[in-house]
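Undergrad:
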Amino acid sequence: MEELEKKIFDIISSAGQARSLFMLNIQDSESGKFDEIEKRYEEAKECLKDAEKAHFEIITNEAKEKSSKLSLLLVHAEDQMMAAELLQDLSMSIVRLNKKVRN
195 MEELEKKIFD IISSAGQARS LFMLNIQDSE SGKFDEIEKR YEEAKECLKD
245 AEKAHFEIIT NEAKEKSSKL SLLLVHAEDQ MMAAELLQDL SMSIVRLNKK
295 VRN
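Numbering (the working numbering) for the sequence shown: 195 to 297.
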């Protein structure tokens, strides 16, 4: 596997893990299980940072080479990362709402 593909799969893996953790926080908050949410949120943020770092490296390398080739795999990775970034904010809003409803 070439280096670019490895970085792309790193993005997909890290962003996917972040999305899963954010979704688990939403599900737990709906059930009133708030104990692990903050810890999971921080873990998900770290996963997202890993994805963003790999993405930055890809973009930086592309800029240095002054060329870019369209990669459907990279487009998919960026989509996964954007979805995780959206869930980051949305999940905490939903958690806060569920806390208010339960109090």
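Every residue gets a Cβ at the ideal spot worked out from N, C-alpha and C, and that includes glycine. If you're wondering where the values come from, they're calculated on a predicted model, not measured in any experiment.
1. Nearest chain C C-beta to LEU268 closer than 7 Å, yes or no?
2. With distances taken between CB atoms, is the gap from LEU280 to ILE202 smaller than 7 Å?
3. Start and end of the alpha helix (DSSP H) containing GLU224?
4. Rounded to the nearest angstrom, what separates GLY210 and ASP204 at their Cα positions?
5. Could you tell me if PHE250 is buried or exposed, where buried requires 16 or more neighbouring beta carbons within 10 angstroms of its beta carbon?
6. Between which two residues does the alpha helix (DSSP H) carrying GLU230 extend?
7. Nearest by alpha-carbon distance to ILE231: which of MET217, CYS241, LEU242 is it?
TA: According to the data block:
1. In the structure shown, chain C cannot be found, because there is only a single protein chain.
2. no
3. 197-224
4. 10 Å
5. exposed
6. Premise fails: GLU230 is in no alpha helix (DSSP H) and is neither H nor E.
7. MET217
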